[in-house]
Structures are given as structure tokens and as C-alpha cells.
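Enquirer:
There are 2 protein chains.
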Amino acid sequence: MNPPSSLLLTDLYQLTMLQGYVEYEMEEQATFEFFVRKLPSTRNFLLAAGLEQALSVLEALRFTSEELEWLSGCGLFRRTLVDYLEKLHFTGDVYAMPEGTVFFSDEPIVRVTAPLPQAQLVETRLINLLHFETLIASKAARSVLVAPGKLLVDFGLRRAHGAEAGLLAARASYLAGFSGTSAVQAAPLFGIPIYGTMAHSFIQAHDDETAAFERFAYANPDNVVLLIDTYDTEAGAAKVVSLAPRLRQKGISINGVRLDSGDLADHAHKVRRILDEGGLADAVIFASGNLDESIVRQLVAAQAPIDGFGIGTRMDTSADAPSLDCAYKLEEYGGRPRRKRSEGKATWPGRKQVYRRYDADGRMRSDILTVEDDPQEGEPLIQPVMRAGKRLQASVPLAAIREHARNQLTRLPHALQALEKGPDYPVHVSTALRDLAKAVDEHRL
Amino acid sequence: MNPPSSLLLTDLYQLTMLQGYVEYEMEEQATFEFFVRKLPSTRNFLLAAGLEQALSVLEALRFTSEELEWLSGCGLFRRTLVDYLEKLHFTGDVYAMPEGTVFFSDEPIVRVTAPLPQAQLVETRLINLLHFETLIASKAARSVLVAPGKLLVDFGLRRAHGAEAGLLAARASYLAGFSGTSAVQAAPLFGIPIYGTMAHSFIQAHDDETAAFERFAYANPDNVVLLIDTYDTEAGAAKVVSLAPRLRQKGISINGVRLDSGDLADHAHKVRRILDEGGLADAVIFASGNLDESIVRQLVAAQAPIDGFGIGTRMDTSADAPSLDCAYKLEEYGGRPRRKRSEGKATWPGRKQVYRRYDADGRMRSDILTVEDDPQEGEPLIQPVMRAGKRLQASVPLAAIREHARNQLTRLPHALQALEKGPDYPVHVSTALRDLAKAVDEHRL
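Order-wise, the sequence lines are chains A and B. The first sequence begins at 396 in the working numbering and counts up one residue at a time. The second sequence begins at 396 in the working numbering and counts up one residue at a time.
In C-alpha cells, the structure reads:
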């Protein structure tokens, strides 16, 4: 699936540049690579995500007649450009790291090689998708690492930045190891398990809290998780206990309770005791409310008897690092490597590959960034995924991506599995790549 | 316009709650209000935005047959609920502050009164839209305040959180006073002016920088803004000067240059001198590259000769405050006021109004938050916008909203126009509202 999007979802400069490319028939093969220049100070690694949506955009690359009409009439573009765009579709090759792969700064995760206008036009939307899903998968992985064995559910849709952000955050966090999401549409779109029971308004709409619990249970007998903090958390737990026998007579079990405010560890301990003593040892405790990986880690460390966490706003906005310093840069045109040398923004030229080496125990030890045709010891991470505009294989099932990500997280060096900033992971630049950069700078290439 | 969105773009608990409401025929009138509990520590005020999209969602409130089929088959919902949803449309009333209005914590900006299931179901998407547009309009207003007379352009689409975020950020920043956006689709959707010329890749795809400039100018003769920092900024400016006469012979003027890296103030001074001495005094200097309102303020204070700024990632992600602590809360049901009392999350009950008082010079002095039927001195900010599911007037033109926002920003207290945190703006809670809260707590209502 891909949320619907228009080819006008691009920066104007892509089209003004295309006007130049088309005018001067600059349609040789161009290679662009997407990479992150520098990891945020609060990230030890990143998790590649968004390739599936990026490939869908490339496959569907067509301007509609409505869009072409608008382009014709807006006064900015020549007939030659509009005619060119009318026939445009994507005929290029794509190489990429599989989604769910751990990566580091300067390592390309997607490489597009196509006639220059095609590869250029898609820049904005490819960055938009790869950046956001990678941002969220990388953030979500931190919660996954600190809460083994816990149920983690994405609750972020409402404060995600728009509809697509909410849906793609559901996908990215699931890919990184979350159990599911509250966002209903993520189920039909991506096949992600959905979770949810009741809000405070359900309780408040009733005059009596117990009556609200009871009605909810009758209406949703297979999914009875009761929100108990609307007025007083422990009193709410006691009401749950006294309601349980009445429900049991009708064959309904209480699956759990949710806490959403106050000192969650303290409430969880008290509520656990109330539930256990009330014969509800099987009912789980689920916690939510401004959570992030740091708070979850504290709660886990405090052995708070919480079985699952709903993590919302801070994950879906990647609150401590709401963007990545990423780029999609021209690395080669017409068979010749290219390099941007702007201050503080220089890039490595050419088509690149990343080789990863592992310790004897299978943990990642170091990477080497090199040019494509410079085989190195280690595992090559970048693989062909699209040839002449066609996928080389069907979409990778989300379950397989999730399994790959799980495996990747277990193979991280210990120091990088922590929330605190660890040592920089070693990414070596090969002699061949350094030589190439030098040759480009000296105009020998 | 409203980006397409499905009614499944909601949290699962809205539907499980509806299953209860429908089962027990809880369809009395419910009033929910959207407000921000507490301003981010880096905001002196917020700017209301997103109402237009929220009203569009309410007007279009219908489940499609595909969605109903999915709901029927997913195993979570009873036939009675699906039948109910099949007939659902929005029949409620909406009151709101006009978009572009300055507001503060605890002040509702949108109030929905409708049969409980309707008002409940829309919670997730209404928050999703109102939160994000308000977030970005409030962030953008800060740049507008520090850069009077400068051209400000939204460059954030690529690192905005998904497609909708990029488009709504274009709208929200324009509303707050930006001149336009790089996001092409914002032009047909919202009528927003679009800006853009070239990226580094255009330069890099040529062997020679001057050749790239020249081709761009011929291909886009009405929009010649040349990016000069790909290799060496001042050398780039000199090339622009030497190219100018050749272009002039063909009737083409160079409109300006863009700087995107390095010490922007220093480069701007040097480039201005090169352009002026080269007979290009009319060419503007446009700057971009990780800008935000703080950097723009510094550049303006340093009297850097920069005429316009492209502001991207940090604005479109509201990087210093990527979310607002906002809520859409049940305040009344079946004619009786309601109040959530969860620790740290208590709300003011009932339908509310905000009155604003001004100083003699027209600047905002203080607000009073009260119940709807408690007239106070000052200007009532909340007005009816939808009755029985129908808008009371056509969409407010974006130009009018922008003018209203401009006026609002000029009427802010001086201390709140600064980027630094000023004193809290006084929002008084009326006796009538305090009495109502007390009565609800004491179960007298």
C-alpha cells in the first residue's frame, strides 16, 4: 500500500530544473543516493525504513491529466516540459539496504540510477518517505530494546503530523518491533494488529464509573481492558474487582486495566495488588500517557508490574530528534562521478557499497564504505531491488522485515543497544573511495 | 481542500466505545472542546489553525462501502455498529475561534456539539489536523515576527513528516505570514504562491558552473535565481556577474542568487558587494540551509544583506517543540457538564467562551475563560461556524485568514512578540466557571 500522492507533491525547483534538463536534452543516466550525514546526538544507530513506499512511488510515476492541465495553465512551464512529463514514467534501477537494516552516517540506504530528469523529479517525495519512516523506526527501536517481553503499542496517530505520518509511524514502529497500533487504518493497509478499548470520555459520559465498565464489557466482551484513572486509580481498580463476578456469570473475563496518569509505577504496584487479591491475577496492566523509551526503561527498571505500554506522541514525532540530517545527492552523471563540496556538506562521489563485518559472536564490528566495484571482506548491505522500473521481487512482507529488524537489533554492539550515546560505530572509508573523491576534486574525472 | 482521508483514520477505541454507545443508545448531545493544556516552554502564544480542514472532515463524514465491508469482516464489531455507521453523517454544531487567532493555554479553539457517537468518532482526526496546523502556524509566526519585510518561503516538504504534513505546513506557515512555499501541490490545493529555482544537482550535472547558470536562465527566463555555493560561494557570485551581460543581450535579467551553506552573513556581505560592483544591484540574495527563527533573527540583527529566507525542516517539524499538549475533551453530555479529574490532567467543564480585553493602544491585555452564558467585558473569541452539520458561511479565504493573523501578531503584547519566553499572558478563570467545576466535583450537577 501507499497513501495516495500526487506527483505535484514535489518542490518547485525539481520542475524548473527539469525544464533545463529537457531543454538541453540532459537525459543521461544519473545516480542519486539517499543517506544520513550525521546521526542525531541521541541515536546510536538508525534503522532503514520506507523503501516499500518509495518503490511504490517510482512504480506509479505518472502525471494525471488533471496535473498536466494545471502545469500547462499555471504560467511557469513550457509546452515542451509538459509534453515530456505527459510521457514520463520511471525506467531506472534501484539498489537499497533491506528495510529493517541497521545503518550509520554516510551509508547510502537507497540508490537510484535513471535518466537525470526521472531521478531528479522524485527527490522530494523519496526523501519525504525514507526520512520519516527511518526516523520513526529508529526511535521505536529504542523502546523495543529497553522493554523486552512487553507489549508495545503505537498510540501516536492523533498528534502525529497529519494523516500519513500517523499511518507510516504505525508501519515504522511495527517494523521496529512494536506489537501493533491504535490506528485502525493500519490494519487494512498494512496488516498491522490494532489495539484499543476506551477513552476517559466513555467513563465521563456515564454517571457511574462501574456502570461504564459494565456496559463496555457487554458491548466488547472479547476486549475488556478498562481505563481506571478518570477519577481515582485505586478506587477504579476496586470497582473492576467488584464488577468481575457479575461479568463472569455472563461468561466475560476482564482482560486488563489501563493507567493513563499519575505515578505509573506506584499506581501499578497498588493496582496489581488490588487485582491479585480480587482474583484477577490474569488481568494485565497497560500503561500510557506521555511515555517514551526513557520512561519505559525507568518503569521496567523499577519492576513496575506493567505488562504493556502505549507510546504515542513522543514516538510519532520522534520528539528528541524530530528530523534526520539526510540527503539525496547526485553522485554520478553520464558515467562520471560527481561531488558536492559546499562548506560542511561535502559528499562522497560515485556509486557506493557498504560492507559489514561481524565479531565471532555475530555482533556488528565495523563497516566499510567503498565504491561499488571494490569488493571487500564482509557482508555487502546494498542489493538490487528494481531494474528498468520493475521490482525484482514482490514487496517484502512486513513480518519478514520485522524479523530482520529484530535480528539486526540483537546483533548491535552492546554499547549501542543502550539509550545513552555510545561510542561512534566504526565506518571506514576505503582507499578506493578516497582516491575517487580526490580525483573528482582535481578534475581528473 | 482537504487531503483525502478515510474514516478508518481513527483510533480503535473510538469504534469500541461507539459499540457501547450504540448498544445502549447513548446518543444524547455531547460537547467536546479542543484546547492546549500548557504552552511549550518556547512559545509565548499559539496561532489557531486547521479549522478549515476539520470542518471539511465533518462535512464529509461518511463511511464508504469498502470501509464498512472491512469493518464487518475484521471480527471486532457487531452488525448493529456497522449498520449504525452505514447511516452515519455529521449533524452537529461547531463553534470556533477564527483561524489565525492568537490563543493561550486552556482556551478552547474548537467546540463540537453533536450526538455522542458522532462527536466521539471524529476525535482522532480533528486533533490530528488542529494540532498540526496550529503547531506549525505558531512556529512560523515566530519567523514572521523577527523578519519584517523579508521574503519567507517554506522549504520543508522533504523532511516534513509525510505528504500531508508537508502540504498542511505550507498552508499553516502561509496563514501565519510566510510569502509562499516550495511545495508545488500547495498552489492548486490552497492557492499559495510557490517558489523555487535549482538544487546543487543541477550545477553538478554540468561540467561547468557558468554553463549550468546559463542553461538554467534560458530555460527559466522569468525566474533566474542562481544557487552559487556548490563549489565556492564568492567565485559563484563572480561567475554570475560575468554571465549577466550575455543574458541581458537576450533580454534576461538575473533575479537573484541563493546561498545555502557556510557563514551566511559573511557570504551575503561579500556576495552583495560582488553583485553591486558587477552592476547587479537589483539581484536579491536569498538564503537557506537549516534556518529557523533564531538564526534568521541573528542574520537580521547582523544586517546581513539577505532579502529572503527559505525555512524548512526546523519549521515543518516544529523542531524545538514538535508537539502540543492538546486535548479534545468531553465537557458536557445530555445537558450536564462533565469533567475529567485524572492527576495532572483535570479539565474545566461545560461549554466555554473566551473574552479578550485590549489596552488603549489595541494590544491584548488579558483573557477571561468562562461558561458560554456568562457575558463578560471584552471581545468574545468563539463564534458559531457550523449548525446541524452545515457550514454557516463558505470557507474563509486563506488571504483573509492571513490578514487576520497579521493583525493578531501586531496586537500581541510587546514581551510576547520576542522569541524569548515572556511573562505568561493572563488568562483568568471566571467565578462562574470555578463554581461550575466545584459543583461537578461535588456531584451537584
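Note that beta-carbon positions come from the ideal geometry of N, C-alpha and C, so glycine has one too.
Distance, Cα to Cα, A/Ala-514 vs A/Leu-483?
Expert: Sequence index remark: in the first sequence, residue 514 of chain A carries index 119 (1-based). Sequence index remark: in the first sequence, residue 483 of chain A carries index 88 (1-based). Rounded to whole angstroms, A/Ala-514 to A/Leu-483 spans 11 Å at the Cα level.
Enquirer: Determine, using beta-carbon pairs with one atom in the region 544-564 of chain A and one in the region 539-552 of chain B, whether at least three such pairs fall under 8 Å.
Expert: Three or more beta-carbon pairs separated by less than 8 Å are not found between the region 544-564 of chain A and the region 539-552 of chain B, which leaves the two stretches without contact.
Enquirer: What is the DSSP secondary structure of A/Met-492, reduced to helix, strand or coil?
Expert: The residue given as residue 492 of chain A occupies position 97 in the first sequence. In the structure shown, A/Met-492 sits in coil (DSSP, three-state: anything other than H, G, I, E or B).
Enquirer: Taking B/Leu-828 and B/Val-780 to be in contact with their CB atoms under 8 Å, please state how far apart those CB atoms are, rounded to whole angstroms.
Expert: The sequence position of residue 828 of chain B within the second sequence is 433, counting from 1. The sequence position of residue 780 of chain B within the second sequence is 385, counting from 1. Contact flag wrong, Cβ pair sits at about 22 Å.
Enquirer: With DSSP collapsed to three states, give me the class of A/Asn-397.
Expert: Within the first sequence, numbered from 1, the residue matching residue 397 of chain A stands at position 2. Unreliable placement is indicated for A/Asn-397, whose pLDDT of 42 sits below 50; the coordinate value is still reported in the next sentence. Three-state result, A/Asn-397: coil.
Enquirer: For the region 521-603 of chain A, which segments carrying the alpha helix (DSSP H) assignment without a break, of at least 4 residues, lie completely within its bounds, in sequence order?
Expert: 558-570, 581-585, 595-599
Enquirer: In the DSSP output, what is A/Lys-724 paired with across the bridge?
Expert: For the purposes of this step, residue 724 of chain A is taken as the residue at position 329 of the first sequence. In DSSP, A/Lys-724 forms a bridge with A/Glu-428.
Enquirer: With a threshold of 8 Å between beta-carbons, can B/Phe-557 be considered close to chain A, or not?
Expert: Along the second sequence, read from residue 1 onward, the residue named residue 557 of chain B stands at position 162. Here residue 557 of chain B is Gly; the residue named in the question, Phe, does not match the sequence. Yes, because at least one Cβ of chain A sits closer than 8 Å to the Cβ of B/Gly-557.
Enquirer: Name, please, each residue of chain A whose Cβ falls closer than 8 Å to the Cβ of B/Tyr-590.
Expert: Residue numbering aside, residue 590 of chain B sits at position 195 when the second sequence is read from its first letter. Per Cβ cutoff of 8 Å: Leu-407.
Enquirer: Straight-line CA distance for B/Asn-397 to B/Lys-747?
Expert: Sequence index remark: in the second sequence, residue 397 of chain B carries index 2 (1-based). Sequence index remark: in the second sequence, residue 747 of chain B carries index 352 (1-based). Low per-residue confidence applies at B/Asn-397: pLDDT is 42, beneath 50, and the placement is therefore not dependable, though the value from the model is reported in the following sentence. If you take the alpha carbons of B/Asn-397 and B/Lys-747, they lie about 28 Å apart.
Enquirer: Return helix, strand or coil for A/Pro-512, following the three-state DSSP convention.
Expert: Taking the first sequence and counting its residues from 1, one reaches residue 512 of chain A at position 117. It is helical.
Enquirer: Less than 8 Å between the beta carbons of B/Gln-448 and B/Glu-528, yes or no?
Expert: The residue given as residue 448 of chain B occupies position 53 in the second sequence. The residue given as residue 528 of chain B occupies position 133 in the second sequence. Taking 8 Å as the Cβ cut-off, B/Gln-448 and B/Glu-528 qualify as a contacting pair.
Enquirer: I need the straight-line Cα distance from A/Ala-536 to A/Pro-717, nearest angstrom please.
Expert: Here residue 536 of chain A corresponds to residue number 141 of the first sequence, with the count starting at 1. Here residue 717 of chain A corresponds to residue number 322 of the first sequence, with the count starting at 1. Their backbone Cα atoms lie some 15 Å apart in a straight line.
Enquirer: For A/Ser-637, which of helix, strand or coil comes out of DSSP?
Expert: As a first step, residue 637 of chain A must be located in the first sequence, where it is residue number 242. Correct three-state label for A/Ser-637: helix.
Enquirer: So what does DSSP say about B/Leu-413, is it helix, strand or coil?
Expert: As a first step, residue 413 of chain B must be located in the second sequence, where it is residue number 18. B/Leu-413 falls in the helix class under three-state DSSP.
Enquirer: Can a CB atom of chain A be found closer than 8 Å to the CB of B/Arg-474?
Expert: Numbered from 1 along the second sequence, position 79 holds the residue referred to as residue 474 of chain B. By the rule that beta-carbons nearer than 8 Å mark a contact, B/Arg-474 does not touch chain A.
Enquirer: Helix, strand or coil, according to DSSP, for B/Ile-844 in the structure here?
Expert: Nothing in the structure corresponds to residue 844 of chain B, since chain B is present only between 396 and 840.
Enquirer: Roughly how many angstroms separate the alpha carbons of B/Ala-564 and A/Ala-632, rounded to a whole number?
Expert: Indexing the second sequence from 1 puts residue 564 of chain B at position 169. Indexing the first sequence from 1 puts residue 632 of chain A at position 237. Cα to Cα, the separation comes out at about 43 Å.
Enquirer: Who are the near neighbours of A/Thr-426 in its chain, counting only those whose CB is closer than 6 Å to its CB and skipping five residues on each side?
Expert: In the first sequence, counting from the first residue as 1, residue 426 of chain A sits at position 31. Within the same chain, A/Thr-426 has close Cβ partners Thr-508, Glu-726, Glu-727, Arg-746.
Enquirer: Do three or more CB pairs link the region 813-832 of chain A to the region 613-621 of chain A at distances below 8 Å?
Expert: no
Enquirer: Please report the distance separating the alpha-carbon of A/Ala-578 from that of A/Glu-604.
Expert: Within the first sequence, numbered from 1, the residue matching residue 578 of chain A stands at position 183. Within the first sequence, numbered from 1, the residue matching residue 604 of chain A stands at position 209. If you take the alpha carbons of A/Ala-578 and A/Glu-604, they lie about 26 Å apart.
Enquirer: When DSSP labels each residue in this structure, what does A/Asn-802 get in the three-state scheme?
Expert: Counted from its first residue, the first sequence places residue 802 of chain A at position 407. Correct three-state label for A/Asn-802: helix.
Enquirer: In this structure, how does DSSP classify A/Gln-788 when only helix, strand and coil are distinguished?
Expert: Looking up residue 788 of chain A in the first sequence gives position 393. Coil.
Enquirer: Looking at the unbroken alpha helix (DSSP H) that takes in A/Asp-762, where does it start and where does it end?
Expert: The residue you call residue 762 of chain A lines up with position 367 of the first sequence. For A/Asp-762, no alpha helix (DSSP H) encloses it; the enclosing beta strand (DSSP E) starts and ends at 759-766.
Enquirer: Please list the residues of the region 729-748 of chain A that have a C-beta atom closer than 7 Å to any C-beta atom in chain B, keeping them in chain order.
Expert: Of all residues in the region 729-748 of chain A, only Arg-733, Lys-735, Arg-736, Ser-737, Glu-738, Gly-739, Lys-740 place a beta-carbon less than 7 Å from a beta-carbon of chain B.
Enquirer: The beta strand (DSSP E) that contains A/Ile-680, what's its start and end?
Expert: Here residue 680 of chain A refers to the residue found at position 285 of the first sequence. Its beta strand (DSSP E) spans residues 679-682.
Enquirer: Measuring only between beta-carbons, confirm whether A/His-664 sits less than 8 Å from chain B.
Expert: Against the first sequence, residue 664 of chain A aligns to sequence position 269. Chain B contact via Cβ: absent.
Enquirer: Beta-carbon within less than 6 Å of A/Ala-663's beta-carbon, same chain only, minus the 5 sequence neighbours each way: which residues are those?
Expert: Start at 1 with the first residue of the first sequence, and residue 663 of chain A comes out as number 268. Around A/Ala-663: Ile-680, Ala-699, Pro-700, Ile-701.
Enquirer: Can you tell me the Cα-Cα spacing of A/Glu-464 and A/Leu-562, whole angstroms?
Expert: In the first sequence, counting from the first residue as 1, residue 464 of chain A sits at position 69. In the first sequence, counting from the first residue as 1, residue 562 of chain A sits at position 167. Distance between the alpha carbons of A/Glu-464 and A/Leu-562: 31 Å.
Enquirer: With a threshold of 6 Å on Cβ separation, who are the neighbours of A/Ala-591 within its own chain once the five nearest residues in sequence on each side are excluded?
Expert: Walking along the first sequence from the start, residue 591 of chain A turns up at place 196. A small fix is needed here, since residue 591 of chain A is Gly in this sequence, not Ala. Counting only Cβ-Cβ distances below 6 Å, and skipping sequence neighbours, we find Ser-577.
Enquirer: With 8 Å set as the bound, which would you pick, yes or no: does the beta-carbon of B/Leu-686 sit closer than that to a beta-carbon of chain A?
Expert: Residue mapping note: residue 686 of chain B aligns to position 291 of the second sequence, counting from 1. Cβ-Cβ to chain A under 8 Å: no for B/Leu-686.
Enquirer: By the three-class DSSP mapping on this structure, what secondary structure does B/Asp-406 have?
Expert: Reading the second sequence from its first residue, position 11 is the one you call residue 406 of chain B. In the structure shown, B/Asp-406 sits in a strand (DSSP, three-state: E or B).
Enquirer: So what does DSSP say about A/Val-477, is it helix, strand or coil?
Expert: As a working note, residue 477 of chain A is residue 82 in the first sequence. A/Val-477: helix per DSSP, three-state reduction.
Enquirer: Which first and last residues belong to the alpha helix (DSSP H) in which B/Leu-694 is found?
Expert: Against the second sequence, residue 694 of chain B aligns to sequence position 299. 688-696 is the extent of the alpha helix (DSSP H) around B/Leu-694.
Enquirer: Within 8 Å of any Cβ in chain A, is that where the Cβ of B/Asn-650 sits?
Expert: Numbered from 1 along the second sequence, position 255 holds the residue referred to as residue 650 of chain B. Not an interface residue.
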